[in-house]
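Residue numbers (the numbering used here): 37 to 345.
Glycine residues also receive a C-beta, built at the ideal position from the N, C-alpha and C atoms.
Everything on this sheet refers to the single structure shown next.
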Amino acid sequence: MGVMAVLMLPLLLLGISGLLFIYQEVSRLWSKSAVQNKVVVITDAISGLGKECARVFHTGGARLVLCAKNWERLESLYDALISVADPSKQTFTPKLVLLDLSDISCVQDVAKEILDCYGCVDILINNASMKVKAPAQKISLELDKKIMDANYFGPITLTKALLPNMISRRTGQIVLVNNIHGKFGIPFRTAYAASKHAVLGFFDCLRAEVEEFDVVVSTVSPTFIRSYPGQGNWESSIWKFFFRKLTYGVHPVEVAEEVMRTVRRKKQEVFMVNPIPKAAMYIRTFFPELFFAVVSCGVKDKLNVPEDN
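In structure tokens form, the structure reads like this:
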């Protein structure tokens with residue numbers, strides 16, 4: 037009997053692995069079919085995450101509107117997407133739109149240009165973000181305002197401009213790619229954390245307001261985004277595996293895949309964090325004095341804070 041059990045164990049593990057693989061493949065294909073023919077707007081499409089989101093949604097057959105403030109890099113992304121497109125599958129030529137979310141005065145006009153591309157917007161992915169790391173007293177008020185424009189006023193201005201179209205059609209989804217700093221702050225991230233808290237508060241309120249119109253509001257919050265060597269290569273490699281395991285951050289590929297799953301499942305809130313920041317969220321909520329004491333010790337000991345990429 038014992039021998040039979042030993043022989044059956046590898047077969048059982050093999051069967052479970054096979055079922056998990058099938059589930060992942062079916063889930064991946066289902067995710068892509070969910071965005072077929074949908075008009076998807078991606079801000080800061082030339083960033084690492086923006087490029088990966090563009091790739092994932094373009095492969096899924098979405099009608100992309102790619103926004104960024106650098107036209108040359110937008111054109112490079114356009115060429116990259118066209119060059120890797122599978123001719124056997126239906127894909128659409130991306131539309132390119134110049135947009136600098138830190139310049140609030142131009143957002144309304146750009147929103148009209150976006151709507152003119154296809155006449156509607158099904159999915160808006162607010163991906164643009166500006167980061168800064170410095171002691172609070174060394175950050176000028178001018179830079180504070182610039183961070184708030186890029187991370188808060190820019191995304192909400194664009195969202196407000198496109199929202200009436202979704203409400204009138206009674207369909208749509210708004211995805212905010214935020215950061216764990218929207219839940220709790222750490223030293224030397226005062227301006228950045230403040231903007232992330234503010235924008236998360238706005239979209240949390242908006243979610244309740246637009247539910248009756250069948251408009252979904254989702255937030256995806258990773259710790260921070262890192263990349264492995266050779267970020268320009270979209271093919272999987274051994275580096276992808278090792279750097280996923282060895283870093284605290286997540287690679288843009290992982291976040292893009294999670295954004296796709298969030299769109300398909302219409303999830304409201306997603307945290308892409310490892311156990312340490314996840315525990316920190318609970319400690320911040322239930323044991324704030326302990327949380328602040330630990331963070332203060334970190335500042336006194338001059339611990340290095342991981343850089344955002």
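Contact set for residue i: own chain, Cβ-Cβ below 6 Å, skip 5 residues either direction
i      : result
Glu149 : Val133
Phe307 : Ser257
Gln355 : In the structure as shown, the chain begins at 37 and stops at 345. Residue 355 is therefore absent and cannot be evaluated.
Ala186 : Leu137, Ser138 and Met166
Gly51  : none
Lys302 : Val252
Ser231 : Ile183, Met184, Asn187 and Tyr188
Ala121 : Thr127
Glu88  : Pro288, Val289 and Ala292
Val213 : Asn163 and Val256
Arg206 : Phe249 and Asp250
Phe327 : Ile319 and Arg320
Ser112 : none
Ser273 : Residue placement at Ser273 cannot be trusted, given a pLDDT of 48 that sits under 50; what the coordinates show is reported in the next sentence. No residues qualify anywhere along the chain.
Segment limits, alpha helix (DSSP H) that includes residue i
i      : result
Met166 : Unbroken run through Met166: none, as it is neither H nor E.
Lys181 : Leu177 to Met184
Glu242 : For the record, residue 242 in the displayed sequence is Leu; it is not Glu. That run of the alpha helix (DSSP H) goes Thr226 to Val246.
His94  : Gly84 to Thr95
Val143 : Val143 to Tyr154
Tyr379 : Nothing about residue 379 can be read from this structure; the chain reaches only from 37 to 345.
Asn201 : Gly190 to Arg205
Lys314 : Pro311 to Phe322
Pro288 : Pro288 to Arg301
Span of the beta strand (DSSP E), counted from its first residue to its last, around residue i
i      : result
Pro258 : Val251 to Pro258
Leu102 : Arg99 to Ala104
Gln209 : Gly208 to Val213
Lys131 : Lys131 to Leu134
Phe307 : Glu305 to Met308
Ile78  : Val75 to Ile78
Same chain, Cβ closer than 8 Å to residue i, neighbours up to 5 away in sequence not counted
i      : result
Ala98  : Val71, Gln72, Asn73, Lys74, Val75, Val76, Phe128 and Ile159
Arg109 : Ile82
Gln304 : Arg243, Val252, Val253, Ser254 and Thr255
Tyr318 : none
Gln144 : Thr193 and Ala197
Ser332 : none
Ile140 : Asp185, Phe189, Gly190 and Thr193
Leu151 : Val157, Leu198 and Asn201
Cutoff 7 Å; reference residue i; Cβ partners in own chain excluding five residues on either side
i      : result
Val168 : Ile175, Leu179, Ile183, Ala227 and Tyr228
Glu325 : none
Gly155 : none
Phe220 : Ala316, Met317 and Arg320
His233 : Gly218
Ala329 : none
Ala172 : Thr226
Leu177 : none
Supposed contact pair residue j and residue i - C-beta distance, whole angstroms, cut 8 Å
i      : j      : result
Ala90  : Ala104 : That pair is no contact at about 10 Å.
Val309 : Ile216 : 6 Å
Phe224 : Ala170 : 6 Å
Gly84  : Ile222 : Not a contact, Cβ separation roughly 22 Å.
Val92  : Glu293 : 7 Å
Pro191 : Ala164 : 7 Å
Lys131 : Val101 : 5 Å
Thr95  : Leu135 : Incorrect: roughly 23 Å between the Cβ atoms, too far for contact.
Gly218 : Leu236 : 4 Å
C-beta neighbour in chain B for residue i, strict 9 Å
i      : result
Lys105 : Here there is only one protein chain, and chain B is not present.
Checklist entry - Would you call the stretch 109-119 and the stretch 199-208 in contact, with 3 or more CB pairs under 8 Å? => result no
Next on the checklist: Would the stretch 288-300 count as touching the stretch 240-247 if we require 3 or more Cβ pairs under 8 Å?
Outcome noted: no
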